[in-house]
Amino acid sequence: MFFFKSKKRERNVYFALDIGTEFVKSILYRKTDSIVEVIGVGKVKQRINGVKGGQITNIRSVVESVRSSLSIATNKYNGDIPIHCVTGLAGEMVKGVLVNANYDREKADEKISIDELKKVYEKIKKPSEEEAIKTFQEYTALEKPQIRLISSSLVESFIDGFRVDNPSDFSGKSMKLNIYSTYAPSVQVGAIESVCKQVGLSPLLIAAQPFTVARSVVGGRNEDFEAIIIDVGGGTTDVAVVKGGCLIDTHMFSFGGRVFTKRIAMDMNLNYERAEQMKIDYSKGVLDRGYSNIVKKSILKDISIWAHGIRLALEEFKDVELFPANILLCGGGSQLPEIREILIQYPFIDYLPFNRSPKVVFLNQENIDGIVDNMNLCNGIDMITPLSLARMSLDIDKFELLKGGKDA
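If you read the sequence shown in my numbering, its first letter stands for residue 4, the second for the next number, and so on.
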């Protein structure tokens, strides 16, 4: 049963769907070959039992929130309604695997075709799956973890030693491809698919959210770009490292803004909703001074634990000789002033290979490549992830993204 039954559908209009712990955010957008034009936005508060730690725990509850979000996004739109969407996954059990494929071509003078690239990709699927299974075994202690490949992306390519954005139509003898594949528990992917199906949407792509942000930043694919990207959501914090314009890896941990809300609720004897509003008002600087002092004390009780989680996440990145000294922040939880303050103050340089203490700046809409938002609908730092999901749809037709779907 489709969510919208009475309207026509147009091929170049899509939804980006960010099913977060605190909010469901949807963007209705139109895309061309190089531009994503925002034409509608819906943001709906998630029910308390819908999502925990980035994972859907109550499908029925999430379906209702998604329906409301889509309805708001299309409220003032009179055009054709899409049935396709790009959506994301988050949580500690979403894992990425980076595989290097080195390939000597028999016919160096012939142009590289999409079919040839797909054959190379097929050759690296098995080692990629084996690495993913090994990682899940370490995290879950399960002998046969049920996981699925949700997407694969060509993040870096070289032809005869020269870096190219897309190897298709180039010729040469030696081809090197760096392919990043994302895996998640089958039950988690199935929950996303079930939600989409019940609201009448078909996912073009289900992607790891920190990956989408890292790949969508302006200049993020240039050889001189390097940064640590931290997305603080309601239930999780996502960390991605980019060096030389290439995504090194992503890691996530289940500690987001909801922890601070619960602490405020406990310290001030408030219900969750009231504590959340006080936290938001505090972040905006509009909370009464007396209450602000109490909220700040509550946040300071847990902020060092969150920063330690960042350190542990960075320690999981393998083969990083020197971390970028730039941290890019986004996500609704990052609006707490203590988040930026602790990142500046924390002695990362004492524990990790930094050549200096990192500089911390916030991402905004202008930092996401290829976005046109004439109505200024996505002007909040909490809209970076859904904007990045929308941006990823520009890559689907360029062989950069291959849909997964099989259990590994």
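All residues carry an ideal CB built from backbone N, CA and C; glycine is no exception.
Annotated as distal: residue 194 and residue 216, with beta-carbon spacing of 8 Å or more. Among the bridge pairs identified by DSSP, residue 241 is matched with 234, 255. Shortest Cα-Cα distance from residue 15 to any of 57, 327, 46, 84 involves 84. Residue 73 places its beta carbon less than 8 Å from that of residue 18.
In the three-state reduction of the DSSP assignment, residue 58 falls in the strand class, which pools E and B.
Shown here for residue 281: same chain residues with a beta carbon closer than 8 Å to its own, the five before and five after excluded, namely 267, 271, 273, 290, 294, 298 in chain order. Cβ-Cβ distances below 8 Å link residue 314 to 349, 351, 354, 355 in the same chain, with the five nearest sequence neighbours on each side left out; the list follows chain order.
Residues of the same chain with a CB within less than 6 Å of the CB of residue 114, apart from the 5 flanking positions on each side, are 172, 174 in chain order.
Looking at the backbone, the Cα of residue 245 and that of residue 376 are separated by about 26 Å.
Around residue 112, the same chain offers 174 as residues with beta carbons nearer than 7 Å, after the five sequence neighbours per side are excluded. Residue pairing by DSSP places residue 28 opposite 21, 46 in a beta bridge. Under the DSSP assignment, residue 394 falls in the alpha helix (DSSP H) whose first and last residues are 387 to 395. For residue 89, the uninterrupted beta strand (DSSP E) run begins and ends at 87 to 92, by DSSP. By DSSP's assignment, residue 105 forms a beta bridge with 179. Proximity of the region 180 to 190 to the region 118 to 131 meets the contact definition, three or more beta-carbon pairs being nearer than 8 Å. Cβ neighbours of residue 285 within its own chain (closer than 7 Å, five residues either side excluded): 295, 298. Cα atoms of residue 304 and residue 159: separation of roughly 42 Å, rounded to the nearest angstrom. Around the beta carbon of residue 121, fewer than 16 other beta carbons sit within 10 angstroms, so the residue counts as exposed. In the three-state DSSP reduction, residue 266 falls in the helix class (H, G or I). For residue 145, the secondary structure class from DSSP, reduced to helix, strand or coil, is coil.
Pairing residue 76 with residue 44 gives a Cβ-Cβ distance under 8 Å. The beta carbon of residue 380 sits closer than 6 Å to the beta carbons of 41, 44 from its chain, once the five residues preceding and following it are set aside; these are given in chain order. The alpha-carbon of residue 209 is positioned some 24 Å away from that of residue 170.
Annotated three-state conformation of residue 351 is helix, per DSSP. Taking the CA atoms as reference points, residue 152 sits about 13 Å from residue 127.
Segment contact: the region 96 to 109 against the region 61 to 72, fewer than three CB-CB distances shorter than 8 Å; contact not assigned.
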